Each structure stands twice: as C-alpha cells, then as structure tokens.
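Residue numbers (my numbering): 15 to 610.
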C-alpha cells in the first residue's frame, strides 16, 4: 500500500515539475489546417506555436518531416474489472496503456449500471476503481438501464456535481407488458422522458444502434429450436440489420418529432441499413444528429479483403470453420464482411455527415468465450479488442492506402469531433495555445516493418486486424506535456498518471443551435384561428331551442299504401279511386237486398 502511494505521489510530482518540451520542425495537423511549425510546451499546456527558438532548459524533440497530431479521444470503449457477468480480459491499467501506446490520450468508457442500482453508487465505484490505475485521461459515460424519479434526481446530481456530460441508453421493449422495469432498456415513454431531461440538463444522450434484447431473444429461441447445434454464426441471424435501422429511426422520432429538440449521438453504426438510416435521419434533424462507427466496422473487412493479397483465407468472421476464429468476431452489433460498407464509412468521415470513429473496445479472451459459449453459442461474450489499434488502422486504411482521408480529416474523426461532442474542445482535440499538450508524433511510413498490432492486444484475445500490415505508428505520445510513449514503447513511471475529467454541460457543437430550432418549431406549430363550429355533432344531445321534427309525407301506412304522398294542409286529404275506404262519402252500400 505504501509503495502504491509513493508511486502515485511520484507520478504527480513528475507531471507538475516536468521541464519544458520543444517539438522542432514538425507538420502540425489540426482538423481545419496543417502547417510546419515548432511547438513549445510548459506546465502541461501548449505555450506557443510557430517559428520558435527553444528555451535553454527545454527537452528538444526533432519531428522534422513528421506529422504532429493532437492525441486521440475515444468515446466508446468498455474496460473494467473482470467478473462472470463481464469477463473482460484487460484491466483499467492495461487497457489505458494500450490506448496511449496507440495514440489515444483521452477515453470516456461506458460504465454499466446494474438494474435498480444507484447511478451515484456506480460512479463512485468507478472512480475508486480507476484512481491510480489509468495511464491516460478519462471520463465516464454512464449507461442508464431504466427511468424513474430517483434516476432523474441522480442524473441531475451527476451532471451538476460530478461533471458527467454523456449518458448512454439502450432501447428495448419490456418482457412483461404489465411491468415496464422487466427489461434492461428503455421503452418509448421512458425514452421520451429521458430525452427531455437531457435537453434540460444540456448533456448528450448516446443510443447504440443495437437490436432490442427482446427481439434478439425471440429470434435466438426460434433459430436454436430449428438448429440446436448452431455455432457463432447465430449472432449474424439474431440481430438483423433492419432492427439496427429501426432503433435509429425510433430514437430520432422521439428526439426530433415530438415537439422536442434534443441532440443525439448514434453509436455502433455497423451495417449498410444503419448507415443509410442515419444519413436520412440526419437530414431531417437539421444537423443535430451525430453518428459514430467503430474501427472494427472499417478495418475488419479490409483486413481480409483483396486489397491485401498476402491474405489467402478470405473473410473469416463468424462463418469460419475454425470455432475460435468465428467466436473471436462475435460482437454487438455484428461485424459484416462487406468491403463496400467499409469504403462507405470512410467516405462518411470526409463528408458532412458528422461521423466519427471510436474503438468499441471490449476485450474477451478465447478461453472465456469457450467457457461460456462453446456448447451454447447464444452465451458467447460479445466484444473485440481495438482500443490501441484505432488510430493505426484508420491511418493505414484511410490515409496511406487511398481511403479518401487526409491528415486533417483523420484528426477530425478520431480527435477533434469526439472532443467537441464531449465538450472537451479545445482543451482536448487541438494543438493550439492554451490546449492540453496531448500530442502524438506520427512515424514516417515504413518505420515499422509489417507490424501486426499484436502489442496492442491482450494475451489470448483474437486480433481481428491480423491481416493488416501496418507500416507507421505513433512514435512519441505526450499526455499533458509528459512523454508517456517514446520510440513506440511505454515510458517507465507513465502507467498511473491519468486524470479524471469533468465537463460542463451544453456543448457548443451539440446545443448551440437548439434554442433557434425550438423557436422555429414553435412558430411552425402556431394554431390557426377559425370561426366557431355551429353544426351538428354526432352523438350529442339536442339543444333546448332546436327545431322540432317536422312531419314528413313518406310511409304514412296508417292511411295509404307504402308509397310517397303529396303533403296537404291539415284536415285535407286526396282520395284516389284505387284507394279502398271503410266509410266512403254518401254512406256505405250493402250487397244484400231485402224481399220487401
């Protein structure tokens, strides 16, 4: 215990007393421009950018002809303590070291909260578990499994007192219609209430494009009834693409079409149907819908495509005949072996679709997958390891191999826009005076000969990017001015210096235009002035001054045949010769004659 506190205090002392760093001759890349310049770093922040002279006591790093990028920001990853319900293969320390080794200096992991468990207790447990363990700066995105008055109070406290700026929600249907809390997700009413609360608090709601649990369970039972011995390919069939698109459409319906304007982030866009739906709904939402895919959705298909002829086995994924390979691709939502989808996602990063790239990291060992799902494929734990591979894979596929990205659009997708969504910009996601000195110096092409990214993957965890031959990686990584990675290796003493971040609500990117749109909607919904209606209403009682019903001339059977008659004044009637009467005029006649 004493050793832990000594290391912790030593780390803090090192960060505070770090000497100035001078980065010389690099190509500074931000999301909106790139320029060759020097960077001076003091006390953990950028002090100057331009044509500078280094101070006498500064450490000089020669970055000539190399790109100098802001550190990556990852908004979608899952790390934590391994247990039966969450058998992850890494820890907070190992996962965060993989992140900084790959150039990511800030992560906001999704923190799972058990059903009916206090969100405050969940956050406090997360803070105590991560203290002194993280090698990068970090925040928290709490997943809210249900909604109630208590949950509302807890969310308000987390935003106002704990600095939480994002909440994640999974859409579902209740298992029992009489018990809305029987599902580990939000129904329509709960979603509407929680979006309204997020709008009031100024926090960003995150909805992953996943099929509802109830639908997945029903399809799983049906498929296993017909095919009891089905393997990992089950997860390709029990989570259809259409369900992912329906989740996006359903979330947008409540966020933008119910008299409410609430910015929304759709994460885990893994299919063509989900991508098409997102693009359509973003157009309808006037730009307040934001999207996020994962590096697995882009890189997994390209890893085994014809773009890399040294790979001869073809796409593996869940249809591989090797069980451990097939099980290694099981994640949520499923990965599709579709190169066209990967290329479309890369195009989305360069267009005006506000699409960013996260890791979607959740490392599961092959042994854990076999222990839980070898004989019952529905129980295979879902997840892929990618927290350290995100920047290297996207740079390889998008920048170096004609994927349509330039360094500026690369920075926007992995650093700037994620920081803006989390309201961390320009503190994070930019190299400018006053910003945190989270900086990545990217190596020249070919500096790392055919790196397979194994150093970013925990032991016994499948590497879905094994087909890629990476030629360039982060060479130097700085966290708040302190060098944590040098020559592609973690520096000693840089393993527990991450800082818990607090953010303010109402991000400029997501909420700045909301009042104007709300005012526009209020004008569009202005009632129309009309004259009062005085006609009849079906089913209502007659009024006291209503006209009395008038006698009609139809169907007067008491006098005539069932034919229309002409109405006459009272006391008069018209007699036809063909009409028989009981008392004719002049008296009645008798057909019988007397003998008198």
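Positions of the beta carbon are idealized from the N, C-alpha and C atoms, including for glycine. Keep in mind the model is a prediction, meaning the values are calculated, not measured.
Skipping 5 residues on each side, what residues in its chain have a beta carbon closer than 8 Å to that of residue i?
i           : result
residue 386 : 101, 393, 394 and 395
residue 80  : 40, 41, 455, 456, 457, 458 and 489
residue 446 : 44, 60, 63 and 440
residue 103 : 96, 377, 378, 379, 382, 399, 472, 473, 474 and 475
residue 340 : 245, 246, 247, 330, 331, 332, 333 and 334
Looking only at its own chain, which residues have a Cβ that is under 6 Å from the Cβ of residue i, when we skip the five neighbours before and after it?
i           : result
residue 255 : 285 and 287
residue 158 : 181 and 183
residue 324 : Caution applies to residue 324, whose pLDDT of 43 falls short of 50 and renders its modelled position unreliable; the value that the coordinates give is listed next. If we look at residue 324 and ignore the five residues flanking it on each side, it has no Cβ neighbours.
residue 62  : 54
residue 470 : 112, 116, 402 and 403
residue 407 : 309, 313 and 479
residue 168 : 133 and 134
residue 532 : 275
residue 427 : 363, 370 and 371
residue 47  : none
residue 412 : 360 and 419
Thinking just about the alpha-carbon of each residue, which of the options is nearest to the one in residue i?
i           : options               : result
residue 479 : 550, 450, 551 and 349 : 349
residue 259 : 222, 334 and 73       : 222
residue 518 : 468, 352, 140 and 441 : 441
residue 301 : 452, 481 and 365      : 365
residue 437 : 426, 452, 522 and 261 : 522
residue 362 : 400, 379 and 294      : 294
residue 515 : 306, 35 and 176       : 176
residue 49  : 64, 58 and 37         : 64
residue 52  : 69, 45 and 46         : 69
residue 338 : 373, 219 and 477      : 477
residue 354 : 334, 381, 375 and 312 : 312
residue 398 : 389, 343, 390 and 405 : 343
residue 524 : 34, 131 and 215       : 215
residue 72  : 60, 59 and 35         : 35
residue 266 : 232, 220 and 249      : 220
residue 33  : 187, 58 and 303       : 58
residue 374 : 360, 281 and 317      : 281
residue 156 : 250, 179, 410 and 298 : 179
residue 77  : 130, 126, 453 and 541 : 453
residue 307 : 174, 461, 360 and 165 : 360
residue 172 : 203, 205, 199 and 137 : 137
So if DSSP puts residue i in a beta bridge, which residue, or which two residues, is it bridged to?
i           : result
residue 304 : 279
residue 370 : 306
residue 73  : 35
residue 645 : In the structure as shown, the chain starts at 15 and stops at 610, and residue 645 therefore has no counterpart that could be examined.
residue 378 : 102
residue 48  : 43
residue 157 : 126 and 182
residue 81  : 41
residue 53  : 37 and 63
residue 455 : 82 and 490
residue 121 : 88 and 152
residue 450 : 59
residue 398 : 375
residue 411 : The partner list for residue 411 (beta bridge, DSSP) is empty, contrary to what the question assumes.
residue 316 : Residue 316 is not bridged to any residue.
residue 465 : 484
residue 134 : Its beta-bridge partners do not exist; DSSP assigns none.
residue 386 : Answer is none; residue 386 lacks a bridge partner.
residue 200 : 185
Output needed for residue i: all residues of its chain with C-beta closer than 7 Å, excluding positions within five of it in sequence on either side, in chain order.
i           : result
residue 114 : 149, 150, 491, 493, 498 and 499
residue 632 : Since the first and last residues shown for the chain are 15 and 610, residue 632 lies out of range.
residue 9   : Within the shown structure, residues of the chain are numbered from 15 to 610, placing residue 9 beyond reach of any answer.
residue 450 : 58, 59, 441, 442 and 494
Inter-stretch contact at 8 Å, needing at least 3 Cβ pairs: the segment 455–472 / the segment 484–504: Yes, the segment 455–472 is in contact with the segment 484–504.
Alpha helix (DSSP H) runs wholly inside the segment 471–532, at least 4 long, in chain order: Under the rule that a run must span 4 or more residues, the alpha helix (DSSP H) segments found entirely inside the segment 471–532 read 522–525.
Whole alpha helix (DSSP H) elements within the segment 242–277, 4-residue minimum: Counting only runs of 4 or more residues that sit fully inside the segment 242–277, the alpha helix (DSSP H) segments are 248–251 and 255–270, in chain order.
Whole alpha helix (DSSP H) elements within the segment 335–365, 4-residue minimum: For the segment 335–365, whole alpha helix (DSSP H) runs of length 4 or above, ordered along the chain, are 337–342 and 353–364.
Three or more C-beta pairs below 8 Å linking the segment 491–507 and the segment 527–539: No: the two stretches stay apart, fewer than three of their Cβ pairs being nearer than 8 Å.
Contact between the segment 114–121 and the segment 143–162 (3+ Cβ pairs under 8 Å): With the cut-off at 8 Å, the segment 114–121 and the segment 143–162 touch.
At least three beta-carbon pairs within less than 8 Å, the segment 419–434 to the segment 74–88: These segments touch.
Segment contact flag, the segment 95–112 with the segment 404–424, C-beta cutoff 8 Å, min 3 pairs: In short, these stretches do not touch, since the Cβ pair count stays below three.
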